[in-house]
Amino acid sequence: MTELDPTGIPRATARLQLHAGFTFADAAALVPYYAGLGVSHLYLSPITTARPGSTHGYDVTDFTAINPELGGEAGFLALARQTQEAGLGIVVDIVPNHMAASATHNGWWRDVLARGADSSHARDFDIDWQSRDPALHGKVLLPILADAYWQTLTAGGIALVRTGDGQVTLRYGDHDLPLAEPTLDMAIPSGPDAMHALLERQHYRLAWWRTAATELNWRRFFEINDLVGVREECDDVFEAVHALIFRLYREGWIDGLRIDHVDALADPAGYCRRVRERLDTLRPGRPAARALAHPWLVVEKILAEDEPLPADWRMDGTTGYDFMNDVSAVLHDAAGEAPLTSLWMRISGDNRPFADYVGACRHRVLARQLVTELDAVCARLHELAREAPTTRDLPYHALRHALTSFLVAFPVYRTYFATSNEAVRDSAYDTATVPAAADTARTHLAPDEAAALDFILDQLRGDARPDTRAAQLRTKLQQIMPALAARSTEDTAFYRYGRLLSRNEVGSSPGTLALAPERFHARMAARRDSYPHSMLAVATHDHKRGEDARMRLAVLSELAGEWADAIADWEARLAPLLVASPRGPDGADRIMLYQTLLGAWPADPRALQAEDAQRAFVDRILAWQRKSIREAKRHGSWTHPDTAYESASEAFLAALASGEPDSVLERIGQFADHIGPAAAINSLSQTLIQLTAPGVPDRYQGNEGWDFSLVDPDNRRAPDFARLQSQLECRGGWSHWLQHWRDGRIKQQVIRAVLKLRHQQPALFAEGTYEGLAADGKLAPQVLAFARRCGTSEAIVIATRLAARHADPALPRIPPQCWGDTGLHVEGNWVDVLTGHAVSAHAGCLWMKDVLVGLPVAVLVRA
């Protein structure tokens, strides 16, 4: 962690997704609401200019200007002024790794296409100008054609047009492509041969989009062909990309940064330190009191369990996927692992552990999606091997097989072996992880391939002077790792393995069902010691399921038998349909569909009584189902969809959701209603822990109410802010909110009350110690408690867990009398800051029957 003055650390953030339909002006209108809720900073999605119509802002077209669709710089400054007047700050999301590969909208990219390697922006992008393909030397492959190249030419799909300013460009669909200067005066081509001759003289080669996976000569974001990698490691590129952001920070308009996809950069450690150093240099020149507040910096970094964020990055922490995993896992019941695994294996017909799914998916991604990236690394390895007499006989295919086996076995997102001038201590985690992965890989290698693996490991871990081919190889080798990890695990295996979908979440391992309280406490204590200002997330714009959908599905880990019985009933009712239409969906897709319907079901079943509401709900599930099938890549994919299977699956869902009385959909809703109180207990506990654990809680837009969203784009739908604003001012009281828990006000009021406490006692949560507390008694496993202490300030946080077999059938709480002799060994007199309820210790204990009389959660402070 970095040594920071805590005055610059947010108390809590609120993430807002900006786009043309939700602009700076819309965000400004919500400032009073968020100030009333108690957050300290708005946390904005990318604000730089993006592709027109972008719904997320990560497809940047101009780093130097604020997006005009959001309101431009004037709109942003108006928002910034309003936040400051309300006592709030702003954190912005930046995208240093990539830009939109759009000649129409990205001026830097257009200049490269017009001038080739002589362009002043040629170094901005990660392009291999000396590709292994001689036809691409000095050229950029542009795989934008919907059909094969010659087919497109003969169909007249490419034409020369004159723009309004008199420029002549090539037009293909919505792409406007520049012409190389020597060809501007060529005669207008009269046929496909003449057009081909013109195209051959350009600095790019047009190609069918399907060629990208194997032919591309520039780095992409993952395998997305319209996002091109940016070379932040170059000084001039770094300055150009960050000039606007640094100016906004210096002028006092922004207070911190969220750095997107840091693992894809050539040198994540060097980049992070450089950003920190620059902001520290700019800080004294900021206006007034803002010059005293150090910048808050977090990185989007997905950590494996117990993997540390490197301390020498000088970041305040991650964007919180690691916390999201921990808080979710501790609210799952480990006793459900065996029966849920058995159920999954029986219905899916697959008895492999999750790790085997990941291995198979890694093989597939390398063989089909990241072929060009893998081939480029292997070619560099082969060239270097040929230069030394000791390794010159290593065959290309041995190197390729060895590298594939190593990458398949590698368990984390990437390594961080140094490639920059600055001497960096290699990660001890890398030093331990690499040999373990290599040992696994060797079991699949022949002797000559094992020698090839030794050579690869030498290139990865050995000395490499900056700006040498060995250093460039190391960079490319490490950059392929995060794309492989993300695409194989989150975007493929998560859609194949469905034991319990609440654990199929970014930053989590579905193979780990639950986390024991003592391990949770150990991780929170370590977080407090290492990264006390890291972000704490429970929902993001990238989550697979909403925070409360996960908490409802978590209940199934407690009720695995009931869940198995329910599925058996639904399967029996749907059996005739499967016999009539055996094409699909298969068992794996069906059990994931049932879970998705259950998790997405609204808390208030009356919300689906209207026919149009139920239709909208089913449409959301249909969109999820189509995405799930294609991401899994078992029955087609995005590039090769299996329309017959998809149609059969859609028909299955339509039949399941028929409006007939006692339909399977109705029964799924009844099951959701049955576990609703226990699910709400989980949700309130998750919310309270997020707000009180070491770190900075981030509330994703609109999730102060119940969040039963699905994967994007569903999780980016516009929240009902008018309803949330109205509910925030509701003065019904805790008893009223508890009785009407289905409307979500109880969750919103918990957030408001705890954020008020954080405002009143900032040091307690920014600097306070963390101590896990163990309960005794009849329902001790149902208690998760910890203490935060700073000086004379103290708070005891108490949350309920694993309540499904003890919960009130109508309300989200365990009835007080059911707690029996369950208590915490804590002395003194206390007040619950949520309800104002006073409670005193008796016989050296705080008894849960006295503490949790109204709510399933409590935050106690000294009376």
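So the sequence shown is numbered by this note's numbering: it starts at 1 and just counts up by one.
We treat Cβ as the ideally placed atom computed from N, Cα and C, and that holds for glycine.
Note that the structure is a prediction, hence the values are computed from the model and not measured.
Legend entry - Coarse secondary structure for C378, derived from DSSP in three states: helix
Legend entry - N225 classed as buried or exposed, judged by whether at least 16 other C-beta atoms fall within 10 angstroms: buried
Legend entry - Bridge-paired residues (DSSP) for E200: According to DSSP, which records beta bridges pairwise, E200 is partnered with nothing at all.
Inset, instruction - Give the secondary structure of A807 by DSSP, where H, G and I count as helix, E and B as strand, and everything else as coil. - result: coil
Legend entry - Beta-carbon proximity list for A379, same chain, < 7 angstroms, skipping 5 on both sides: R132
Legend entry - Closest residue to Y33 among I567, C730, A843 (Cα-Cα distance): C730
Inset, instruction - Using three-state DSSP, classify Y58 as helix, strand or coil. - result: coil
Inset, instruction - Using only alpha-carbon positions, find the residue among A807, A803, V750, T341 that is nearest to V833. - result: V750
Legend entry - Burial state of G844 (16 or more Cβ within 10 Å): exposed
Legend entry - CA-to-CA distance, Q739 to A564, given in whole angstroms: 30 angstroms
Legend entry - Segment contact, 8 angstroms Cβ cut-off, at least three pairs: the stretch 537-544 with the stretch 708-721: yes
Inset, instruction - Evaluate K756 with the Cβ neighbour count: other Cβ atoms within 10 Å of its Cβ, from every protein chain shown; 16 or more gives buried, anything less gives exposed. - result: exposed
Legend entry - Residue environment, W253, which counts as buried when at least 16 other CB atoms sit within 10 Å: buried
Legend entry - Environment of D126 [buried if 16+ CB atoms lie within 10 Å]: buried
Inset, instruction - For G836, count neighbouring Cβ atoms within 10 angstroms of its own Cβ and tell me buried if that reaches 16, exposed if not. - result: exposed
Inset, instruction - Go through its chain and collect everything with a Cβ distance to R573's Cβ below 7 angstroms, but skip five positions before and after it. - result: V664
Legend entry - As assigned by DSSP and simplified to three states, the class of I302: coil
Inset, instruction - Answer with buried or exposed for G462, where buried requires no fewer than 16 other C-beta atoms within 10 angstroms of its C-beta. - result: exposed
Inset, instruction - Taking 8 angstroms as the cut-off, decide whether the C-beta atoms of L556 and A470 are in contact. - result: no
Inset, instruction - Could you tell me the boundaries of the alpha helix (DSSP H) in which E867 lies? - result: Lying outside 1 to 863, the shown extent of the chain, residue 867 is not represented and no answer is given.
Inset, instruction - Starting from the C-beta of N598, find all residues in its chain whose C-beta is less than 6 angstroms away, skip the five residues before and the five after it, and write them out in chain order. - result: According to the sequence provided, residue 598 is Leu. The question's Asn does not apply to it. Answer for L598: I668, A672, listed in chain order.
Legend entry - The alpha helix (DSSP H) enclosing S890, as first and last residue numbers: Absent from the model: residue 890. The displayed extent of the chain is 1 to 863, so no value can be given.
Legend entry - Where the beta strand (DSSP E) containing H98 begins and where it ends: 98-100
Legend entry - In DSSP terms, what N829 is bridged to: S840
Legend entry - Status (buried if at least 16 other CB within 10 Å, exposed otherwise) for P697: buried
Legend entry - N225 (DSSP reduced to helix, strand or coil): strand
Legend entry - Segment limits, alpha helix (DSSP H) that includes I629: 611-632
Legend entry - Residue nearest to R368 in terms of C-alpha spacing, selected from T404, T391, M345: T404
Legend entry - Beta carbon proximity, E729 to chain B, threshold 8 angstroms: The structure shown contains no chain B, having only a single protein chain.
Inset, instruction - State the DSSP-derived secondary structure class of S488, mapped to helix, strand or coil. - result: helix
Legend entry - Helix, strand or coil at W706 according to DSSP, with G and I counted as helix: coil
Legend entry - Residue environment, D128, which counts as buried when at least 16 other CB atoms sit within 10 Å: buried
Legend entry - Validate contact between the stretch 411-418 and the stretch 478-487 using beta carbons, cut 8 angstroms, 3 pairs: yes
Legend entry - Those residues which DSSP pairs with W847 across a bridge: G823
Legend entry - Three-state class that DSSP yields for R717 in the structure shown: coil
Inset, instruction - Figure out for me which residue from P308, P284, A288, R278 has the closest Cα to the Cα of L297. - result: R278
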